[in-house]
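Everything below concerns the one structure shown next.
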């Protein structure tokens, strides 16, 4: 009886082990939205931002509370009066600026993470298409090699003529290996961003590349809007405001002599004034430059589309010729390969343009209506 129980227990353990192993080996399908959701929920940098924001909120609340406690306190010396004034009027502003900067940085990091994941997702889909195309190239070269081998056997072709085709097969297979390595690397990158084990296996749900045509009709208005709302400019202006406030307190609460810190604060304020001016020019240049780059990428898409359409037409003509026996299967398959390559180039151009548009829209603060 004990032996039977032991056997039954062993069978149950084996069955459970098999089920667990089978579950681990199941390749799940995953969509772009799921990848982004997993990444946002498990990303360590976002968790660090959350912790820093909690601490910054605590510091801000503490500064506000302390400012309230110091209301009405003046002091006997210049140093006491200035320090008390800073606690009441400057410290809360400084802590609030730190908190807002952390919140902004977290939001920007999340946007960048989403864009990075989107790029990885679509790039993996394109690489998969590229790998399949390369397998077709290998099949075509092997077919040609097989035909040449038969010709060698009947004496119409010299064995020496096989060498270039044998080399072509090796090169095509090595290229397929290179593409697979690219895929493996991007898979590991995506696993890391999702917080998965780097060797996790899954299948991306295929989806068409988004079609975008982002045109700005009044670039000057866009430049003016971005300059007026640019975080980098606003941050410098806030920094200058805090320096000016500190300068005001140092002068206003000093009893007799001007504190030594005043000149240094004035110099900082003046330097920030020029930094703001330079940053305005830098932001305007970036908006115009990035938009011109978008127009160039859009032209690349249009050119790639023309090449793809031409390859489709040539293939359609070849199909008719092949059906009538006017061209060989090898010649027909060569045109299939050219069509596949032009389609891949077209999709890559669309992806490059889409990602550039999304990055540009993020920078200028564009909101979809």
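Numbering (this note's numbering), first residue to last: 239 to 607. Every residue gets a Cβ at the ideal spot worked out from N, C-alpha and C, and that includes glycine.
{"Item": "Residue 412: which of 375, 390, 387 sits nearest, CA to CA?", "Value": "375"}
{"Item": "Would you call the stretch 513-529 in contact with the stretch 464-471, where contact means no fewer than 3 C-beta pairs closer than 8 Å?", "Value": "yes"}
{"Item": "Can you tell me the Cβ-Cβ gap for residue 432 and residue 269, rounded? I've got them flagged as a contact below 8 Å.", "Value": "In fact, because the Cβ distance is near 12 Å, the residues do not count as touching under 8 Å."}
{"Item": "Determine the extent of the beta strand (DSSP E) in which residue 266 is found, giving its start and end residues.", "Value": "266-268"}
{"Item": "Taking 7 Å as the threshold (C-beta atoms), are residue 334 and residue 294 in contact?", "Value": "no"}
{"Item": "Taking the alpha carbon of residue 351 as the reference point, which residue from 480, 576, 454, 428 has its own alpha carbon closest?", "Value": "428"}
{"Item": "Enumerate in chain order the residues of its own chain whose CB-to-CB distance from residue 255 is below 8 Å, with the five nearest sequence positions on each side excluded.", "Value": "Low confidence applies here, because residue 255 scores a pLDDT of 37, under 50, leaving its location unreliable; read the following figure in that light. If we look at residue 255 and ignore the five residues flanking it on each side, it has no Cβ neighbours."}
{"Item": "Residues in the same chain with beta-carbon distance under 8 Å from residue 261, minus the five sequence neighbours each way, listed in chain order, please.", "Value": "Any reading at residue 261 needs caution, since the residue's pLDDT is 36, under 50, leaving its predicted position unreliable; the model's value is listed next. The answer is none, since no qualifying residue turns up."}
{"Item": "So residue 478 packs on residue 514, CB below 8 Å; how close in whole Å?", "Value": "7 Å"}
{"Item": "Would you report the Cα separation of residue 292 and residue 357, rounded to the nearest angstrom?", "Value": "31 Å"}
{"Item": "Just to confirm my understanding: we take residue 447, look at its own chain, exclude 5 residues before and 5 after, and list those with CB closer than 8 Å. What are they?", "Value": "360, 585, 588, 589, 592"}
{"Item": "Alpha carbon to alpha carbon, how far is residue 597 from residue 353?", "Value": "8 Å"}
{"Item": "Looking only at DSSP bridge pairs, what is residue 442 linked to?", "Value": "268"}
{"Item": "Given this structure, state the Cα-to-Cα distance separating residue 572 from residue 378, to the nearest angstrom.", "Value": "8 Å"}
{"Item": "Helix, strand or coil for residue 565 per DSSP?", "Value": "coil"}
{"Item": "Secondary structure at residue 501, three-state DSSP: helix, strand or coil?", "Value": "helix"}
{"Item": "So, at 6 Å on beta carbons, what are the nonlocal neighbours of residue 461 in its own chain, with the 5 sequence-adjacent residues on each side left out?", "Value": "522, 525"}
{"Item": "Spatial neighbours of residue 480 within its chain, please: CB distance less than 8 Å, with the 5 preceding and 5 following residues excluded, ordered by chain position.", "Value": "328, 331, 332, 335"}
{"Item": "Residue 345 to residue 559, Cα distance in whole Å?", "Value": "58 Å"}
{"Item": "Should residue 326 be labelled buried (16 or more other beta-carbon atoms within 10 Å of its own) or exposed?", "Value": "buried"}
{"Item": "Could you tell me whether the stretch 546-563 touches the stretch 364-375, using the rule of 3 or more Cβ pairs below 8 Å?", "Value": "no"}
{"Item": "Is the separation between the beta-carbon of residue 387 and that of residue 578 shorter than 7 Å?", "Value": "no"}
{"Item": "Assuming residue 323 contacts residue 503 under a Cβ cut-off of 8 Å, what Cβ separation, rounded to an integer in Å, is found between them?", "Value": "So it is not a contact: roughly 14 Å between Cβ atoms."}
{"Item": "Tell me the rounded alpha-carbon separation between residue 455 and residue 529.", "Value": "11 Å"}
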